[in-house]
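Chemist: If you read the sequence shown in the numbering used here, its first letter stands for residue 3, the second for the next number, and so on.
For each residue, glycine too, the CB sits at the ideal point set by N, CA and C.
Note that the structure is predicted; figures quoted are calculated from it, not measured.
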Amino acid sequence: MNNREPRLTDKVVQLIKSRIQEQGLEAGMRLPAERQLARELVCSRSILREAIQKLVGEGVLVSRAGGGTFLCYEKQSWSEQSLVQPLKTLVEEDPSYRLDIIEARHTIEASTAWYAALRATPEDKEKLMACFDATLKFKESDDPALAAQADVRFHLAIAEASHNLVLLQTMRGFFDLLQSSVQHSRQHMYTTPAIFTRLTEQHDELLQAILAADPERAKQAAQLHLGFVHATHKTQQEDSARQSRVTRLPDDNNAVTREKKS
Numbered sequence: 003m004n005n006r007e008p009r010l011t012d013k014v015v016q017l018i019k020s021r022i023q024e025q026g027l028e029a030g031m032r033l034p035a036e037r038q039l040a041r042e043l044v045c046s047r048s049i050l051r052e053a054i055q056k057l058v059g060e061g062v063l064v065s066r067a068g069g070g071t072f073l074c075y076e077k078q079s080w081s082e083q084s085l086v087q088p089l090k091t092l093v094e095e096d097p098s099y100r101l102d103i104i105e106a107r108h109t110i111e112a113s114t115a116w117y118a119a120l121r122a123t124p125e126d127k128e129k130l131m132a133c134f135d136a137t138l139k140f141k142e143s144d145d146p147a148l149a150a151q152a153d154v155r156f157h158l159a160i161a162e163a164s165h166n167l168v169l170l171q172t173m174r175g176f177f178d179l180l181q182s183s184v185q186h187s188r189q190h191m192y193t194t195p196a197i198f199t200r201l202t203e204q205h206d207e208l209l210q211a212i213l214a215a216d217p218e219r220a221k222q223a224a225q226l227h228l229g230f231v232h233a234t235h236k237t238q239q240e241d242s243a244r245q246s247r248v249t250r251l252p253d254d255n256n257a258v259t260r261e262k263k264s
């Protein structure tokens, strides 16, 4: 039994790698849930976990507690280790730092949009259109993580089309932060039809500017989009804080009522 399991695990490892290639999965995309994947690969969940851990060790996959298993980039960039990890800790300790993430995106993505409009190849443009279509496909998704991935892939595709290695590596290093930022925004913003329509229109304008090879228009579209996200998110954050304060009032009123009754 002990001699067979390693071979079975290796077989499942190869099946997962084949699945990634055949389905054209890209960095940052999430694998199916463990139960579903085990059923599709016809293996036990324990063997699947061992295979996933091997792939995590190889740097092919990354597992997030309670968040699923995702496809990694081929190499971990310097920025993820030296820059993003401390920022991830800050965001976990204080969610208000999400606004800082959006501000950083505002600066970085204005540049990636500018250069993408200048340098995007026909292949880049095809990928951008496909990524934009994916954001529309997931708009009704009941899985905010999938919707967030589609949104982030669209923005990363713009960075790739910029053909600026430093900007691209910076965006890749920010991937986890962007994932968290976009997913949080979707959960609080994309459930409102009017806001979702505005965001879709902004993505479309950004796409059209790049397709038209108009760098100034692309830069302005990126700034408008992230400015809108920042302002809307800030307003919702303030509303949430205000609502949190309001919810304390009934307890005080109840205390007064109980005092009068006694």
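1. Taking its Cβ as the centre, do 16 or more other Cβ atoms sit within 10 Å of Ser-164, making it buried, or is it exposed?
2. Is it buried or exposed for Leu-167, if we count other Cβ within 10 angstroms and need 16 for buried?
3. Please confirm whether Ile-212 and Ala-136 have their CB atoms less than 7 Å apart.
4. Checking 7 Å against the spacing of the C-beta atoms, do Leu-17 and Leu-50 come in under that value?
5. Using the Cβ count rule (16 or more neighbours within 10 Å means buried), how would you classify Asp-126?
6. Going by the CB atoms, is the gap between Ala-159 and Lys-129 shorter than 7 Å?
7. Taking the continuous alpha helix (DSSP H) assigned at Gly-175, which residues delimit it?
8. Where do the ends of the alpha helix (DSSP H) carrying Thr-2 lie?
9. Report yes if the CB atom of Trp-116 is closer than 7 Å to the CB atom of Ala-220, and no otherwise.
10. Below 8 Å on the Cβ atoms is my contact criterion, and I expect Ala-112 with Gln-225 to pass it. Report the Cβ-Cβ distance as a whole number of Å.
11. Check Arg-6 in the structure and name its three-state DSSP category.
Modeler: Put simply:
1. For the purposes of this step, residue 164 is taken as residue 162 along the sequence shown, with counting starting at 1. Buried, because 16 or more other Cβ atoms sit within 10 Å of the Cβ of Ser-164.
2. Translated into the one-based positions of the sequence shown, residue 167 becomes position 165. By the 10 Å Cβ count, Leu-167 comes out exposed.
3. Counted from its first residue, the sequence shown places residue 212 at position 210. Counted from its first residue, the sequence shown places residue 136 at position 134. Not in contact: Ile-212 and Ala-136 (Cβ atoms no closer than 7 Å).
4. Numbered from 1 along the sequence shown, position 15 holds the residue referred to as residue 17. Numbered from 1 along the sequence shown, position 48 holds the residue referred to as residue 50. Going by C-beta atoms, Leu-17 is not nearer than 7 Å to Leu-50.
5. Residue 126 sits at position 124 when you count from the first residue of the sequence shown. So Asp-126 ends up on the buried side.
6. As a first step, residue 129 must be located in the sequence shown, where it is residue number 127. As a first step, residue 159 must be located in the sequence shown, where it is residue number 157. Going by C-beta atoms, Lys-129 is nearer than 7 Å to Ala-159.
7. Translated into the one-based positions of the sequence shown, residue 175 becomes position 173. Start and end: 167-175.
8. An answer regarding residue 2 cannot be provided, because it is not within the stretch 3 to 264 covered by the chain.
9. Sequence index remark: in the sequence shown, residue 116 carries index 114 (1-based). Sequence index remark: in the sequence shown, residue 220 carries index 218 (1-based). Yes, the Cβ-Cβ distance between Trp-116 and Ala-220 is below 7 Å.
10. Along the sequence shown, one-based indexing puts residue 112 at 110. Along the sequence shown, one-based indexing puts residue 225 at 223. Confirmed, about 5 Å.
11. Residue mapping note: residue 6 aligns to position 4 of the sequence shown, counting from 1. Only weak support exists for where Arg-6 lies, its pLDDT of 44 falling under 50; the coordinates are left without a value.
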